[in-house]
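Residue numbers (my numbering): 6 to 143.
No residue lacks a Cβ here, since even glycine has one placed at the ideal position from N, Cα and C.
Treat the numbers as computed from the prediction; the structure is a model and nothing was measured.
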């Protein structure tokens, strides 16, 4: 899948704003993970994606051996993995080693993709026709 197609899937731009790219060093500090290659700390990622959809600018995670084939084929730039699974990660992926890969991935997602703010107040299209006694409130 092309990177532009992944952008249409992860995350949904209708609901999330994507923050500026973040370094692997910052992700390691945020999640308590250990960067397997300390020299890769300045590498940037700009999104999160599942193994099968991740590209070079994404971070993903591996926590279930049922997804070993997707791990082997993944094009992800970085991956949260356990110490035991680190040897299975693709050579092209920087490893962020942690005891809780899925939780670390969730923290990375929250850092990179923030929910859009919804302005307060009711929303009614100016062309909408409302019946008498209709009440619109919070």
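Spatial neighbours of residue 118 within its chain, please: CB distance less than 6 Å, with the 5 preceding and 5 following residues excluded, ordered by chain position. Answer for residue 118: 16, 21, 23, listed in chain order.
I'd like to check one pair, residue 79 with residue 4: are the Cβ atoms closer than 8 Å? Limits of the chain in this structure are 6 at one end and 143 at the other, which puts residue 4 out of reach.
Helix, strand or coil at residue 71 according to DSSP, with G and I counted as helix: In this structure, residue 71 counts as helix in the three-state DSSP scheme.
Within 8 Å, strictly: CB atoms of residue 106 and residue 87: yes
For residue 37, count neighbouring Cβ atoms within 10 angstroms of its own Cβ and tell me buried if that reaches 16, exposed if not. Classified as exposed, residue 37 has fewer than 16 neighbouring CB atoms from the shown chains inside 10 Å of its CB.
By DSSP, does residue 6 sit in helix, in strand, or in coil? Summary for residue 6: the model assigns pLDDT 43, below 50, so the residue's position carries little reliability; its value from the coordinates is reported in the next sentence. It is coil, neither helix nor strand.
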